[in-house]
Amino acid sequence: MAEITAKLVKELREKSGAGVMDAKKALVEVEGDIEKAIELLREKGMAKAAKKADRVAAEGLTGVYVNSNVAAVVEVNAETDFVAKNAQFVELVNATAKVIAEGKPANNEEALALTMPSGETLEAAYVSATATIGEKISFRRFALLEKTDAQHFGAYQHNGGRIGVISVIEGGDEALAKQISMHIAAMKPTVLSYKELDEQFVKDELAQLNHVIDQDNESRAMVGKPALPHLKFGSKAQLTDEVVAQAEEDIKAELAAEGKPEKIWYKIIPGKMDRFFLDNTKVDQAYTLLAQVYIMDDSKTVEAYLESVNASVIEFVRFEVGEGIEKASNDFEAEVAATMAAALNN
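Residue numbers (my numbering): 90 to 435.
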């Protein structure tokens, strides 16, 4: 039997990523054969990972990597925010984004078969990480974006990597692309344009906005304030030529009733029409990038700002850790009470 030296334990740790005690125990079990120890640790790691497979992992990080004209954004999950700050976990996330940008898989199955820098597959790397880090580590999703030589990527991560964004813009430069991605990170658009919103979705969201107005009006009535009007429209898709023409006629009638000279109407109408569009595209503003007020210049929408600098957004992807994952809510007091009761009964 080979002597279990500190050097041998160190070598096994470097090759397997296992902790000191796990590495030492494995070497003792296989009588110092490092190759057998690696295999043993792999088997134990798979067993540990299997036990953790049904746990909810809703924390984690995004990773962003640009490889020439291809960019990848990934989401990797852990069970706790504490582990998401672990150096091994961060390295795994960054390596995942890199191999996906370089390998360009078509789906998660192909992604999991990619080879990591360690020589193992992506899937095996996550099994190993689960075993060595001590909680469920899972590769959730990725997106790939491609651009031409004339276009620019905006790669940006926010809130310590909990949000990852990549945008593709035409015109402008990388600095503008990054600013657009910063806006996307902050304002959470889900699509580029109102043309991508479903008609029923717009109606449902408009109904919800008017419900909020009803609630506000109840409070306003209590203090004698006038009621706010309901919104008639929520998206540019609903503003037909007839609707826009009628809005302009209504403005003219309003100006006439106020006694404003007709010769100055042309100065007033554009501003009031802008207000009309702003008031009647609230759903667009919530969900579509181009309709949102640009955070770098709040006098313009993103669309208007881009037009002013002869640029346009081609596409974007925004990942936020844990989106759509139902997190388990632990009742801490109940958990403590249950533990104490179990201890008393034993």
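Beta carbons are placed, not taken as given, at the ideal position from N, Cα and C, and that holds for glycine.
Report, in whole angstroms, the separation of the C-beta atoms of residue i and residue j, which I expect to be a contact under 8 Å.
i: Ala326; j: Val291; result: 7 Å
i: Val153; j: Thr185; result: In fact, because the Cβ distance is near 11 Å, the residues do not count as touching under 8 Å.
i: Phe242; j: Ala160; result: 5 Å
i: Val372; j: Leu286; result: 7 Å
i: Ile255; j: Val406; result: 5 Å
Where do the ends of the beta strand (DSSP E) carrying residue i lie?
i: Leu181; result: It is not in any beta strand (DSSP E) - Leu181 instead sits in the alpha helix (DSSP H) that spans Ala176 to Gly192.
i: Phe408; result: Ser401 to Glu409
Do you know offhand how far residue i's Cα is from residue j's?
i: Arg251; j: Gly348; result: 55 Å
i: Val179; j: Phe408; result: 16 Å
i: Val391; j: Val280; result: 13 Å
i: Lys236; j: Lys113; result: 49 Å
i: Lys389; j: Ile358; result: 18 Å
i: Val117; j: Ile93; result: 7 Å
i: Trp354; j: Phe366; result: 18 Å
i: Leu203; j: Asp387; result: 44 Å
i: Ala126; j: Val119; result: 6 Å
i: Leu201; j: Asp238; result: 29 Å
i: Gln240; j: Glu263; result: 9 Å
i: Glu128; j: Lys99; result: 16 Å
i: Ser282; j: Asn369; result: 15 Å
i: Ala95; j: Ile123; result: 13 Å
i: Ser401; j: Ala266; result: 10 Å
i: Met385; j: Ala274; result: 13 Å
Going by Cα to Cα distance, which pick from the options is closest to residue i?
i: Ala375; options: Ile384, Met276 and Ile353; result: Met276
i: Ala336; options: Arg364, Asp386 and Asp111; result: Arg364
i: Leu379; options: Lys361, Glu404, Asp368 and Pro206; result: Glu404
i: Glu396; options: Asp330, Lys371 and Gly260; result: Gly260
i: Gln177; options: Asn306, Leu150, Leu201 and Glu294; result: Leu150
i: Gly439; options: Thr377, Thr370 and Ile340; result: Here the chain has residues from 90 to 435 only, and residue 439 is not among them.
i: His272; options: His300, Glu351 and Thr377; result: Thr377
i: Gly313; options: Leu320, Asp305 and His319; result: Asp305
i: Lys284; options: Leu317, Glu338, Gly323 and Ala310; result: Gly323
i: Ala214; options: Lys193, Val188, Asn196 and Ala195; result: Val188
i: Gly413; options: Arg229, Leu317 and Glu331; result: Arg229
i: Gly192; options: Leu211, Leu181 and Lys174; result: Leu211
i: Asn328; options: Met311, Val301 and Glu288; result: At residue 328 the sequence reads Leu, which differs from the Asn that was named. If we check each option's Cα against that of Leu328, Glu288 comes out closest.
Hey, quick one: how far does the alpha helix (DSSP H) through residue i stretch, first residue to last?
i: Tyr376; result: Lys371 to Tyr376
i: Asn166; result: Taken as a continuous stretch (DSSP letters only), Asn166 belongs to no alpha helix (DSSP H), being part of the beta strand (DSSP E) at Val159 to Ala167.
i: Gly149; result: No alpha helix (DSSP H) contains Gly149, which is instead part of the beta strand (DSSP E) from Glu148 to Asn156.
i: Phe322; result: Phe322 -> no alpha helix (DSSP H), and no H or E assigned at all.
i: Phe366; result: Trp354 to Asp368
i: Thr219; result: Leu211 to Ile222
i: Lys292; result: Glu288 to Met311
i: Val333; result: Asp330 to Ala346
i: Val391; result: Val391 to Ser397
i: Glu198; result: Asn197 to Leu201
Enumerated in chain order, which unbroken segments of the beta strand (DSSP E) with a length of 3 residues or greater are wholly contained in the stretch 227–277? 227–235, 240–247 and 252–259
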